[in-house]
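Chemist: Residue numbers (the working numbering), protein chains in the order written: chain A, 1 to 120; chain B, 1 to 120; chain C, 1 to 120. Got a structure here, written out as C-alpha cells. Questions coming.
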Amino acid sequence: MTETIKRYRTGQRMSQVVEVPAGASMLHFAGQISSDRTLDLDGQTRNILAKLDTMLEEAGSERAKIVSAMIWLSDIRTRHQVNAIWDEWVPEGAAPARACVEARLAEPTDLVEIQIVAIK
Amino acid sequence: MTETIKRYRTGQRMSQVVEVPAGASMLHFAGQISSDRTLDLDGQTRNILAKLDTMLEEAGSERAKIVSAMIWLSDIRTRHQVNAIWDEWVPEGAAPARACVEARLAEPTDLVEIQIVAIK
Amino acid sequence: MTETIKRYRTGQRMSQVVEVPAGASMLHFAGQISSDRTLDLDGQTRNILAKLDTMLEEAGSERAKIVSAMIWLSDIRTRHQVNAIWDEWVPEGAAPARACVEARLAEPTDLVEIQIVAIK
Chain A
1 MTETIKRYRT
11 GQRMSQVVEV
21 PAGASMLHFA
31 GQISSDRTLD
41 LDGQTRNILA
51 KLDTMLEEAG
61 SERAKIVSAM
71 IWLSDIRTRH
81 QVNAIWDEWV
91 PEGAAPARAC
101 VEARLAEPTD
111 LVEIQIVAIK
Chain B
1 MTETIKRYRT
11 GQRMSQVVEV
21 PAGASMLHFA
31 GQISSDRTLD
41 LDGQTRNILA
51 KLDTMLEEAG
61 SERAKIVSAM
71 IWLSDIRTRH
81 QVNAIWDEWV
91 PEGAAPARAC
101 VEARLAEPTD
111 LVEIQIVAIK
Chain C
1 MTETIKRYRT
11 GQRMSQVVEV
21 PAGASMLHFA
31 GQISSDRTLD
41 LDGQTRNILA
51 KLDTMLEEAG
61 SERAKIVSAM
71 IWLSDIRTRH
81 QVNAIWDEWV
91 PEGAAPARAC
101 VEARLAEPTD
111 LVEIQIVAIK
C-alpha cells in the first residue's frame, strides 16, 4: 500500500524527501528512453511513462509507489513541456523525489530519459 | 545510530563503499538547488547544505547518516571550491559514497545541485 | 546468493528492472574512475571494472549481486566500446539495471566513470 511510503514537503511534481519503509522490496529500473525515437518530446515522454506503467505492473508495483525519479533531457530548457505531462501522470499526493538535469543521451534523437526506483 | 552504517575506504570527502544495514528505513531526497539563485558558487553550496541539514532533521536523520551523494556542477572545474565546503560539512569518519559530474542545470544561474540518500 | 535478486526483462547488458529482496543489506559505491588516467577508453573501462571486483569482494559481495549501474561517458558516441567490455564482464543472467549518459568528468582525461549499487 502507498500508505507505507512517507513523504515530506510534497507537491504535485515531486516530494523533497521520500521515506522507504524498513523491510520494503525495492525495484531498481534501467533508464528508459522512448521505444519510438521519431516521436517529438511530448510523444517520447508519454511513450516512456506508458512503458513505466507496464513495467511497474509487471513487477507488482504502481505509480504511487515510485520513490525517486531521475530525468535527463537533451535540452534542459524543454523541461516545462516534460513537467506538464509528468505532473498529470503522477498520482495526487504520491509524488516521488526527483532530479532533472541536461545530458547528451545515447542517440541525437533521444530527447528524454527517465529512470526510477520504486517499492513493491 | 551512525554505528549501523559500515564504510569502506573512508576519507574526509567520501567513502568508496557505504553499507546500508538490513532493515533500515531509507530517505530519498530530491535534487536540491540553492533557494537563492543570485548567490555565487560558495553561497549556493552553503545554502544547499543548510537546506539538507534542515530536511534531514525534519525526517529524523542527520548528516552522519547520509549514504550517498550526487553532485552536479554547471562547470566541473569549480569542484575544488565545492569540495572545500563539502569536506568541512561532512562529519569526520562519516563520509557518504559520492559522485560528481558536470551537467547543465534548470536555470543558467544554478551552479550546483546536490541529491542525497540517507537512512533514518 | 544471487537467487534472492529477481530480474525482469533481462539481457546480457542490463535488466530493465531489478528487485532487491526485503531485508538485504545494500552497498552504495562512489563513482569510480580509472586509477590510471593515461589509459585509453578500453584501458580505463577495464581498470574501473577491476577496481569494482576488488571493492565488491572487500565488502562481501560480487558482480552477480550488482543491482544498478550508472555509467557516464565523456563522449556518448564511445558507448559501443564500453558496452563490449561491460557485456563480457557481467555474469550471464545477472545483469543489473543500468543507465548511461554523457557528462563532463573531473579531468579532461577521464573518459568513463561507473557507479554501482549492490547487495551483500
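For each residue, glycine too, the CB sits at the ideal point set by N, CA and C.
What residues from chain A crowd round L105(B), counting only those whose CB sits closer than 8 Å?
Modeler: Those within 8 Å of L105(B) in chain A are I76, V101, E102.
Chemist: Can you tell which of I114(B), S15(B), L41(B) has its C-alpha closest to the C-alpha of A30(C)?
Modeler: The shortest C-alpha separation from A30(C) is found at S15(B).
Chemist: For H28(A) and chain C, any beta-carbon pair shorter than 8 Å?
Modeler: yes
Chemist: Relative to the C-alpha of V82(C), which residue among E113(C), E107(C), P91(C) is closest?
Modeler: A check of alpha carbon separations from V82(C) across E113(C), E107(C), P91(C) identifies E113(C) as the nearest.
Chemist: Alpha carbons only, please: which of V67(B), S74(B), S68(B), V17(B) is nearest the one belonging to T45(B)?
Modeler: S74(B)
Chemist: Give a yes or no on whether 8 Å exceeds the smallest Cβ distance from Q115(C) to chain B.
Modeler: yes
Chemist: Do V20(A) and V67(A) have their C-beta atoms closer together than 8 Å?
Modeler: yes
Chemist: Can you confirm whether R98(C), when its beta carbon is compared against all beta carbons of chain A, has any partner nearer than 8 Å?
Modeler: yes
Chemist: For a cutoff of 8 Å on Cβ pairs, would you count W72(B) as touching chain F?
Modeler: Absence of chain F from the displayed structure is noted, the protein chains being A, B and C.
Chemist: Can you find a C-beta in chain B that's less than 8 Å from the C-beta of S25(C)?
Modeler: yes
Chemist: Tell me where the alpha helix (DSSP H) around V82(A) begins and ends.
Modeler: 79 to 89
Chemist: Quick one: using the 10 Å Cβ neighbour count with 16 as the cut-off for buried, is R98(A) buried or exposed?
Modeler: buried
Chemist: With 8 Å as the threshold, decide whether the Cβ of M1(A) is near any Cβ in chain C.
Modeler: Note on M1(A): pLDDT 44, under 50, position unreliable in the model; no value is reported.
Chemist: Quick one: give me the first and last residue of the alpha helix (DSSP H) that E57(C) is part of.
Modeler: That run of the alpha helix (DSSP H) goes 41 to 58.
Chemist: Within its chain, find whatever has a CB closer than 8 Å to the CB of A95(A); leave out the 5 residues flanking it on each side and keep chain order.
Modeler: R7, T10, G11, Q12, R13, M14, S15
Chemist: What residue range is occupied by the uninterrupted beta strand (DSSP E) comprising L27(B)?
Modeler: Counting along the chain, the beta strand (DSSP E) containing L27(B) begins and ends at 26 to 29.
Chemist: Compare the C-alpha of P108(B) against each of D40(B), S25(B), I5(B), A59(B) and name the closest.
Modeler: D40(B)
Chemist: Buried or exposed for H28(C), please, with buried defined as at least 16 other CB atoms from any protein chain shown within 10 angstroms of its CB.
Modeler: buried
Chemist: In three-state terms, what does DSSP make of T109(C)?
Modeler: coil
Chemist: Would you check if the distance between the CB atom of I116(C) and the CB atom of L52(C) is smaller than 8 Å?
Modeler: yes
Chemist: Any residues in the segment 36 to 66 of chain B with a beta carbon nearer than 8 Å to a beta carbon of chain C? Which ones, in chain order?
Modeler: none
Chemist: On the DSSP letters alone, give me the boundaries of the beta strand (DSSP E) that K6(B) sits inside.
Modeler: Segment 6 to 10, the beta strand (DSSP E) holding K6(B).
Chemist: Does any residue of chain C have a CB that is nearer than 8 Å to the CB of P21(B)?
Modeler: True, the Cβ-Cβ gap to chain C drops below 8 Å.
Chemist: Excluding five sequence neighbours on each side, which residues of the same chain lie with their C-beta closer than 7 Å to the C-beta of N47(B)?
Modeler: S34, S35, D36, L39
Chemist: What is the C-beta distance between V101(A) and I119(A), in whole angstroms, given that I count them as a contact (C-beta under 8 Å)?
Modeler: A Cβ-Cβ separation of about 24 Å leaves V101(A) out of contact with I119(A) under the 8 Å criterion.
Chemist: Are any of the Cβ atoms in chain A nearer than 8 Å to that of Q81(C)?
Modeler: It does not: the Cβ of Q81(C) has no partner Cβ on chain A nearer than 8 Å.
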